[in-house]
Structures are given as structure tokens and as C-alpha cells.
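See structure below.
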Amino acid sequence: MITDLRIADTPHGGLHYDVCLIGAGAAGISIAQALAGSRLSIGVLESGGSAFEPDTQSLYEGQVGGHPMTMDTGRCRILGGSTSEWTGRCGKLDRIDFARRNWVPHSGWPIRHADLAHYYRAAETVCGFATPWVDDAEAARDLEIAAPDDPRLANYLWRYAPIGNRLYRHWGREYRALLEASSNVEVLLHANVIRWHASGKTGLPQRVEAVTASTLEGRTILVRARAFVLCAGGLESTRLLLSSRDHVEGGLGTGLENAGRFFMQHPRGRIARLETDKRTGLSLQDRYGIFGARQGLQYESGLAMSEQVQRESKLLNASVIFTYEADAASGWEALKSLAYPTAAPPVGRAKALNRLVRDPGSALTNLWRRGWQHRHAAFPVRSINLVIDLEQKPDPDSRVTLSAERDRLGLRKLHVDWRINPEERRTSAHFARILAEHFSRNRTGSLVLEDWLHDTGPIGDELSGTFHHIGTLRMASNPREGVVDGNCQVHGVDNLYVSSCATFTTGGHANPTFTIVALALRLADHLRARLSEQGHPSSATHEVKRPPRHPHSR
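What follows is the structure in C-alpha cells.
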């Protein structure tokens, strides 16, 4: 069932569930759908509604220091969360990402890559893939992408499950019918958690008894549960846990001193420009780009550094994609300027028609590629850019804290101090040199490296954020090193969990959503088993009643 706290007929005594999920984005919905139909009662508290609302979105506002980033872009307070703007890009973390690496301080997850294998497979279905993923090597062979002949490099494939041309899954829409129909799941919209109610003290066993949720208009409700899960995204989950100090003596958890530290993203930026001939430029677009396949599955192909070179040269993990800037004189660019005047550099209609007549081949070829093969367009290029996605070194001084300023609900806003360290520049420069040697040896072309790779001063806008807010509630085997344990349970709190990339100990280079979903499904299994062991599911659930509908509403 889905209802709205602003207008729902809520019970006087509040609500009581077996599991209360705070946030209805990829993590919250993954757990809710996994437990739908079980004997457990599930409550989902979502800050937003079914559509974008500026007033609700403004609750993300905060202060930024350190490396520039935005606080509200890429984060959405809405049913479906950030999947409402997500491109659907999926990739797994590598085995080395979970390992303790002596050249990466604070690395080493308390779980292994193998512990997620089953859940990565289950995440494929949850993320909308109609058929199981095949092995990367097999997929590359199907796409006729040869493996690099350099042991320092490896192909890397990202996967997409589009529902149309550049249209991806908004989970608030995709899972709405399931959430509506489920007899044991209740979603409460416009329900912002503003207060924690807990027993016990820091250093002693603690337990969350309830949370208070409020609308922007001030309507509140008390929600009790046997277990609570923060699923509000990397930054907001951190803000809520840090805010527990306002209501709980000492705050929640024995690892709370680590909360907000080790803030990471996947810095992205251009590391080089490849100079090559026209024929090679076209050939590269069929090796490194976006490719359609059967049943709507799309691949994106790029290059990553092998585990071998990371270990030998003591580097962070990283991958590169290729972006192609079309020659403005090509027939394809002329066709785009005629069909979509804002999609390409403006040219006169007569000039565009003349260019199309002189080069009809690229236009016809790309209509076939885009319409039938679902591939990106291939065209004569004026520039080929190599864009890096970087793992960051876990740095305790890269952190988010609470500022003195409060939002309209009374919660303190975040202050973010994001750091980019010399290790990120060193990894980028080393990767670029490997690629330059590789392309030179294979006579692919000449790589012109970006100046910032050789500078020694602070890195500026050469690297930007990717809205992947990682590490601030990190996973560790003990509270001295992290905030949650290997089951994503907050250290020292009997019934509080986190489902977010905030729990990632290190970030790898891959987009985090696929791993967020895998960890969420693993947590769902843990909650099902643990709550079943503790006894019969709660029978005290109070159903939220919908307001009466107007006879003509639909």
C-alpha cells in the first residue's frame, strides 16, 4: 500500500512494523520488494512524493568546502529516489576492491567479493535485466572486442537495461504496482525522519525504539519497529545518524566518531586526447562505446587497469571511457542540425543540406546504428577524449559534518569537505602513460596527456564529482575503524542497519548502484533470518487508512 502522511488517517498510537525502511530509493525498494509477501510487516518512510517537489528537494541544501561539488544534484527526494534520474549504468566491483592493500590506507572490507556473488546475480533481475549476465569475456567476444595485448590493461563492460532510446528505469514507477498490491508493505510518502527514540547509552547495548516522522507542514507520527534501516542515500543517511546526537545521549553507535569521515566519490575528468587518422577513429568507435544487444541489453566498453599493475605500481583502481567529438562537416552532424537545431552547432539549412548531400553515408549508417542496433553513432571525429573514473584513497579528513544552520524541519544541515589527494593524480598519470604506450605500440595513434597530470598544485575542475557519495558510514569489523559491521548493522546498536554506498569501505571505479542493490538484497536475507529467529513477526502493525476518495477521482 502507498499512502501520504499529509492526508492519511493515521492511528493515534502511531505505527508498528517488523522492519522500518527510511528511504524509498534503490536500496529501500530493493529490500521492500525482497520482503514483500513474507510474514514480516514492512514500513517504508519516504521524504518525497510521487513527483519532484522543490520544497522537499530543498531539504538537501547544505554547505560545501574543499573540492567543489553540488549538494542536491543527483540526489532526489521522491518515490524511487535517485533512480528517477539514473542512467541505469551497472557494473560490479572488482575482487581487489575488497582486499586489504598495504599501499591503500584504511582499505579492506570485512566481507569478500565471493560473499556478494549470489546477490550480484539476484541484483540483475531487480535492476531490470531480462536475462542473466554472461561472463565479461564471453560478452566481449560476442561484441567482437578483442582483449588488450597488454597485461597492464583489461576490458571493462558496463551494462544497461533501457526501456527505450536513452530511457531507463525509474524505480518509483517500475515498482509502484508491486508496492501498492503488497499486503505486508506500507509506503508512507512525505514522511521525513526528524527524531530518534532509543534505549541504552553509547558504549552499552543500544536499541532504536522508534522514530518520529514529519511532513513539511508539521504533521507527525511515531513509528516503532523491531529493526530500522537507513536507506536515504550516502549523505542523507549520514546526516540522520549524526543527528542522533541531538536526541540520544552520545548518539547512536559505538563507531559514531567515524561517521561522516572517509567521504569519497568517483572523480571524473579527461586525462588525454587521442590523435589518430579517420579510419582508426571510426574503428575505435566499434570497440569502445555503447553497444546494443538482444532483448534491449546495452553494453558500454572501456578499459581498466589490471589487478597486476595496481599491485606492482601501488595504484588505485580506475577505468576510462572514450568520448568522440564529431567533425562538424560530417553528414551526420548536418542531419542532426536539420532535425534537432539545438543538438548540434547551428548551421544554415542550405549549408547543412549541402553537407548532407556530400556525405549521406554517415547519416544513413548512423540511422541504422541508432535505430536498429541501438549503438551510439559512429562518425568522422575531430577529437577523441579519454575520460577517467577514479577510485579514491580513503581519507579520514575528507568528511561531512553537521553545520549550525538548520532546515525547515529543524535538522542541522550538512557541511561537506571533499578532498582529492595526490594518489588520485598519480594513478591518473600512470594510467595515461600506460595507454600512451599501448596505443603507440599498436599504431593506434598518439596520446596527448592533459597538463594537470604533471602539475603539483591543487587539482581544480579537471576532476569533478559523480554524485556517488561513498564511505561516510563505512563497513569495518570493529567500531574503531568503521560505523557498520559486515552485515551493515551499526556497531553497538542492536537493531539499526544502513543500506547505502555510504557503507562501502573503498569505492573501486564502478558505479555504485548495482553493488548497493546486491548489499540490500543480502541485508534483506539477514533481516528475514534474524527476525524469524527472534520469534513470531509483530502482530501490532496498525494499518494506515487512506483518505476517502472523491466519487469521480481515479
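One gets our numbering by counting positions in the sequence shown from 1 and adding 1 to each.
All C-beta atoms in this analysis are idealised placements derived from N, C-alpha and C, irrespective of residue type, glycine included.
LEU144 to GLY509 span [Cα, whole Å]: 25 Å
Proximal residues to LEU80 (C-beta, below 6 Å), its chain only, five neighbours per side dropped: ALA25, GLU47, SER51 and GLY173
CB of GLY493 within 7 Å of CB of THR255, strictly: yes
Just how far apart, CA to CA, sit GLY234 and ARG442? 44 Å
Closest by C-alpha distance to SER384, when choosing among ASN193, ALA155, LEU283 and SER83: LEU283
Reducing DSSP to helix, strand and coil, say where ILE435 ends up. helix
What separation, rounded to the nearest whole angstrom, lies between the Cα atoms of LEU298 and LEU179? 23 Å
Expressed to the nearest angstrom, what Euclidean distance is found between the alpha-carbon atoms of ALA100 and VAL310? Going by the C-alpha atoms only, they are around 15 Å apart.
Per-residue DSSP class, three states only, for ASP151: coil
Just curious, the alpha helix (DSSP H) that GLU1 is in, first and last residue? The requested residue 1 is not part of the displayed model; the chain covers only 2 to 555.
Whole angstroms are fine: how far does the CA of PRO12 sit from the CA of TRP104? Linking TRP104 to PRO12 through their CA atoms gives a straight-line distance of about 55 Å.
Around the C-beta of PRO395, are 16 or more other C-beta atoms found within 10 angstroms, so that it is buried, or is it exposed? Under this definition PRO395 is a buried residue.
Can you confirm whether the region 141–158 touches the region 200–208 when touching is taken to mean that 3 or more C-beta pairs between the two stretches lie within less than 8 Å? no
Nonlocal neighbours in the same chain, by C-beta distance under 7 Å from ALA28, ignoring five residues either side: CYS232, SER500, SER501, ILE517 and ALA521
Please report the distance separating the alpha-carbon of ASP73 from that of ASP150. 42 Å
Closest to ASP418 by C-alpha separation, out of ALA9, GLY67, ALA33 and HIS17, would be which residue? Measuring from the Cα of ASP418, the nearest candidate turns out to be GLY67.
So, is PRO69 buried or exposed, given that buried needs 16 or more other C-beta atoms within 10 angstroms? Its Cβ having fewer than 16 others within 10 Å, PRO69 is exposed.
Go to ARG407, then tell me how far its beta strand (DSSP E) extends in each direction, as first and last residue. In this chain, the beta strand (DSSP E) harbouring ARG407 covers 400–407.
Once you ignore the five residues that flank ASP450 on each side, which residues in its own chain have a CB closer than 8 Å to its CB? In the sequence under discussion, the amino acid at residue 450 is Leu, which differs from the Asp named in the question. If you ignore the 5 residues before and after LEU450, its C-beta comes within less than 8 Å of the C-beta of ILE272, ALA273, ALA430, ALA433, ARG434 and ALA437, all in its own chain and listed in chain order.
Check whether the Cβ atoms of PHE264 and ARG76 sit closer than 7 Å, and answer yes or no. no
Element boundaries [beta strand (DSSP E), containing GLN299]: Its beta strand (DSSP E) spans residues 299–306.
Which residue from LYS279, ARG90 and LEU304 puts its Cα closest to that of ALA141? LEU304
Under the rule that 16 or more other beta-carbon atoms within 10 Å means buried, what is PRO381, buried or exposed? buried
With a Cβ-Cβ cutoff of 7 Å, do VAL224 and LEU16 count as a contact? In contact: VAL224 and LEU16 (Cβ atoms closer than 7 Å).
Reference ASP56, options ILE164, VAL65 and ARG78, closest by Cα: ARG78
Whole-number beta carbon distance between LEU403 and LEU243, since they are thought to touch under 8 Å: 5 Å
With ARG1 as the anchor, note down where its alpha helix (DSSP H) starts and where it stops. The structure shown has nothing for residue 1, since the chain only spans 2 to 555.
Grab the span of the beta strand (DSSP E) containing ALA530 for me, first residue to last. Not the beta strand (DSSP E): ALA530 falls in the alpha helix (DSSP H), residues 514–534.
Per-residue burial, ALA345 [other beta carbons within 10 Å of its own, 16 or more giving buried]: Here the model assigns ALA345 a pLDDT of 48, short of 50, so the residue's position is not dependable, and the following value carries that caveat. With 16 or more Cβ atoms within 10 Å of its Cβ, ALA345 is classed as buried.
Whether SER183 touches ALA37 by CB criterion (7 Å): yes
Burial state of ILE164, where buried means 16 or more other Cβ atoms lie within 10 Å: exposed
Extent of the continuous beta strand (DSSP E) to which GLU187 belongs: 186–190
Can you check which of these residues, THR457, THR428 and GLY82, is closest to ARG269 by C-alpha distance? Closest option to ARG269, judged by alpha-carbon separation, among THR457, THR428 and GLY82: THR428.
Of the residues GLU326, GLY446 and LEU317, which one's Cα is nearest the Cα of ASP390? LEU317
Cutoff 6 Å; reference HIS107; Cβ partners in own chain excluding five residues on either side: PRO395
DSSP three-state assignment for GLY54, whether helix, strand or coil: For the record, residue 54 in the displayed sequence is Glu; it is not Gly. Three-state DSSP puts GLU54 in coil, outside helix and strand.
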